[in-house]
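As you go down the protein sequences, you meet chains A and B in turn. Residue 57 in this note's numbering sits at position 70 of the first sequence, and the numbers go up by one each step. Residue 69 in this note's numbering sits at position 82 of the second sequence, and the numbers go up by one each step. The C-beta atom is built at its ideal place from N, Cα and C for all residues, glycine as well. Data block below; observations after.
There are 2 protein chains.
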Amino acid sequence: MLDWESIFATRSSRMKASEIRELLKLLDRPDIISFAGGIPDPELFPNDAFREAYAEIFGGPSVGAALQYSISEGYRPLREWLAGQMAALGIPASVDNIFITSGSQQGLDYLGKLFLSPKDTALVTWPTYLGALQAFNAYEPSYDQLNPAGNRTPAAYAQAAAEAGGRVKFAYLSADFANPTGETVGRAGRERVLELAEELDIAIIEDAAYQSLRYDGEAIPPILALEIARKGDINSTRTIYCGSFSKTLAPGLRVGWICAAEPVIRKLVLMKQAADLHSSTINQMAIATVAERGFEEQVAKIHKAYRQRRDAMLSALEKYMPAGVTWTKPEGGMFIWVTLPKGSDGAELLAKSIQTAKVAFVPGRAFFADGSGENTLRLSFSCANDRMIDEGIRRLGDLVRGEVAQAA
Amino acid sequence: MLDWESIFATRSSRMKASEIRELLKLLDRPDIISFAGGIPDPELFPNDAFREAYAEIFGGPSVGAALQYSISEGYRPLREWLAGQMAALGIPASVDNIFITSGSQQGLDYLGKLFLSPKDTALVTWPTYLGALQAFNAYEPSYDQLNPAGNRTPAAYAQAAAEAGGRVKFAYLSADFANPTGETVGRAGRERVLELAEELDIAIIEDAAYQSLRYDGEAIPPILALEIARKGDINSTRTIYCGSFSKTLAPGLRVGWICAAEPVIRKLVLMKQAADLHSSTINQMAIATVAERGFEEQVAKIHKAYRQRRDAMLSALEKYMPAGVTWTKPEGGMFIWVTLPKGSDGAELLAKSIQTAKVAFVPGRAFFADGSGENTLRLSFSCANDRMIDEGIRRLGDLVRGEVAQAA
């Protein structure tokens, strides 16, 4: 029998099952209150709008096209609609700056593939989106810490990357309501990332998966918008914007997009032609129809529901968490990030919580490229109702209080 | 402005626009008779069955699941149906041997990613499927010639691979009605490929995209079936079977599958989790419904139409092609492969044909990993009617006759 490990590519050694993900698979139990998932509430999907969109495709003249192969760039009417959306965000773009991906996760995979040779360095925040680390890992990079509030010099980054055996290729960040922290990078932080990227002559990957989910506060221009304001033209920019319909319309269709300078888009199109030809034609058409007819209305509906859940969770944390525990106060998104007193261990807490409190969450360590963050955890409020939130946070607070008292 | 080429990964230098593909983009003109496309006839798509399937999803209890994230392995009822199909082909498999991909092209990309480190060798036929070369190129392999009828020793392959700087990782072939030749590898050839793979201790990638499209002659067991017959169990095999719904149901949904030993499937699942999470949930559900209800009937409909077109094209070639021109007589698929007299150039012929004969086809050279095959060309009969076939082959025959006469 073939010893598979012996003939897999070297990159495959970094494709590992996440322990957390495996653990969470076991938690789909009715007696557990889960704040672990990072998924949208299916009750909020625009089912009727999608039903109509598919029915119209099958009743119309484009049904053959909907079921046929299509171009790797993506469905043109959808790209046109997206160009309009980008313009409204301060990002004047043509259809040639828009590329459709099978979810924004595919955008991250393709960008890793496009930029990273083994031993190159990717700059990521500590913590960062776990899925980005998983996507990039296939291309065998090193990681270094991006800190939008920090003051490490470009030369220090360049030297560390050279010592790791390559060069810095990009800075990856989610500037709005990031997974896992829920935090937003302010305008000054965005400008600092742009300046660092200029100095290092690298790309910026702006993951905008949660950008539409702002529940209060002032919108901050996307990094790509700030760069266009400096340079006058998207085709002179180094920022690559990754968008998603998964948090606004529905994830099951697998439709996202990248908006960037044409040289990047052209290369991504070639990559996609070779990798999966194109994203589902019929789904792109359905997304285009639903987006054109009621994107803003759908987003308003989501805002209302998630804002209330966020508020409920923040109130419950205030009410039930002992002193010494802190958490973020997100202006949008799906997540709240909790920091326990030093010496606490989120993974151990989860193991106990499943036994006693019956509350699930994600220990924070998985989100750190350097394996730190033991005393952190991620809570999601997107799929929970007020009763679950109050009861779940109460139980979790009791558990944490016991742990803190024991440690003291 | 960022010099993008300077920060792209080394692999990106092998992602190039195909000249042929660019040329063919210009050929969507009403005055041109095209045998160039390799796509199924949209008139044959089971529109009504798909319309019902989507409508039922939206009218049923699974609509939330259809629009939601789902597991990377793929939709379980679809994998169960596929396990039954595989068993009928002599491949007893469990759901854990089945992995859903976004079209079989994605299967090829993932297998390249799983096996190929730079400078490793992939064995491919001369000619082979262009899309396979494009998918594998991203992982920077060398190629060597796989010849199921040949007698090069395993030692010779191993030595050539070592000289190229790596080792042989897999043999890739399409054994039934291959794109581009339409030819089938006989049972003895399949057994020889299996023996070569055993000796080299490598994987076999069996691209079965056209396997369901047999119009006459006896079916030959898939290579994976022959290997299971030897070894008793799919989990002891080295053959990785890649299937597609694109030629039978519809390509626009982007649903294909891989059937293989569990250690390979488990790694592919991790890879997909990192690369695009999962294939479209709703499309997998729709495919499962349409396949369960009428796969055989749909395939019979396609057989009837394509058999007639193949026969028409073979008759026309017989009638109009001058002496010295030969072609394959496929028992299935979508393609006929034409060999012109030595010294002819398919690409030059295409350029002339577009000007004068107004007939399009694909010059054969793109399908050769070593850039040979100048005097070959690929004709597709899948989207042509009898009148187009007779008229187009007549014009092409006249053009070729002139060329041959001039060369003599």
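Should residue i and residue j be called a contact, given that it needs their Cβ atoms to be closer than 8 Å?
| i | j | result |
| --- | --- | --- |
| B/Pro33 | B/Val277 | yes |
| A/Tyr62 | A/Ala237 | no |
| B/Arg297 | B/Tyr202 | yes |
| B/Met272 | B/Ala23 | no |
| A/Gly90 | A/Ser199 | no |
| A/Ile289 | A/Leu31 | yes |
| A/Cys229 | A/Leu95 | yes |
| B/Phe348 | B/Thr115 | no |
| B/Ala356 | B/Leu120 | yes |
| B/Ile26 | B/Cys370 | yes |
| B/Ser367 | A/Leu101 | no |
Can you confirm whether residue i, when its beta carbon is compared against all beta carbons of chain A, has any partner nearer than 8 Å?
| i | result |
| --- | --- |
| B/Met(-12) | yes |
| B/Arg241 | yes |
| B/Ser104 | yes |
| B/Asp83 | no |
| B/Pro250 | yes |
| B/Phe86 | no |
| B/Lys254 | yes |
| B/Ile192 | no |
| B/Phe45 | yes |
| B/Ile274 | no |
Please classify residue i: is it buried, with 16 or more other beta-carbons within 10 angstroms of its beta-carbon, or exposed?
| i | result |
| --- | --- |
| A/Pro128 | buried |
| B/Leu206 | One point to set straight first is that residue 206 of chain B is Ala, not Leu, in the sequence displayed. The residue is exposed, with fewer than 16 neighbouring Cβ atoms inside 10 Å. |
| A/Gly173 | exposed |
| A/Arg397 | No answer is possible for residue 397 of chain A: the residues shown for chain A start at -12 and end at 395. |
| B/Ser104 | buried |
| A/Gly330 | exposed |
| B/Glu193 | buried |
| B/Thr(-3) | exposed |
| A/Glu318 | buried |
| A/Asp28 | buried |
| B/Glu284 | exposed |
| A/Gly153 | buried |
| B/Asp451 | Chain B is shown only over -12 to 395; residue 451 of chain B falls outside these bounds and no answer can be derived. |
| B/Glu361 | buried |
| A/Gly137 | exposed |
| B/Glu(-8) | exposed |
| B/Glu170 | buried |
For residue i, which residues of its own chain have a beta-carbon under 8 Å away from its beta-carbon, when the five flanking residues on both sides are left out?
| i | result |
| --- | --- |
| A/Leu181 | Ile191, Ile210, Leu213, Glu214, Arg217, Thr226 |
| B/Trp68 | Ala275, Ala278, Glu279 |
| A/Leu336 | Leu327, Pro350, Leu364, Leu386, Val387, Glu390 |
| A/Thr224 | Leu211, Glu214, Ile215, Lys218, Ala247, Ala248 |
| A/Lys106 | Glu127, Pro128, Ser129, Ala151, Gly152, Gly153 |
Go ahead and pull the three-state DSSP assignment for residue i.
| i | result |
| --- | --- |
| B/Lys339 | helix |
| A/Tyr144 | helix |
| A/Thr268 | helix |
| B/Pro238 | helix |
| A/Pro64 | helix |
| B/Gly311 | coil |
| A/Tyr116 | coil |
| B/Val172 | coil |
| B/Asp194 | strand |
| A/Arg154 | coil |
| B/Ser55 | In the sequence as displayed, the identity of residue 55 of chain B is Gln instead of Ser. DSSP places B/Gln55 in coil when its eight states are reduced to three. |
| B/Gly243 | strand |
| B/Leu110 | strand |
| A/Tyr41 | helix |
Ordered along the chain, which non-local residues of its own chain (more than five positions away) have a Cβ less than 7 Å from that of residue i?
| i | result |
| --- | --- |
| B/Ala109 | Leu103, Phe123, Pro128, Tyr130, Lys156, Phe157, Tyr159 |
| B/Ile380 | Met300, Ala303, Leu304, Tyr307 |
| B/Arg179 | Pro135 |
With 8 Å as the threshold, decide whether the Cβ of residue i is near any Cβ in chain B.
| i | result |
| --- | --- |
| A/Ile26 | yes |
| A/Asp263 | yes |
| A/Lys156 | yes |
| A/Val50 | yes |
| A/Ala237 | yes |
Sorted by chain position, which residues of the same chain lie with C-beta nearer than 6 Å to residue i's C-beta, five sequence neighbours on each side aside?
| i | result |
| --- | --- |
| B/Ser57 | His265, Thr268 |
| B/Thr112 | Leu133, Leu160 |
| B/Pro208 | Gly77 |
| B/Asp18 | Lys345 |
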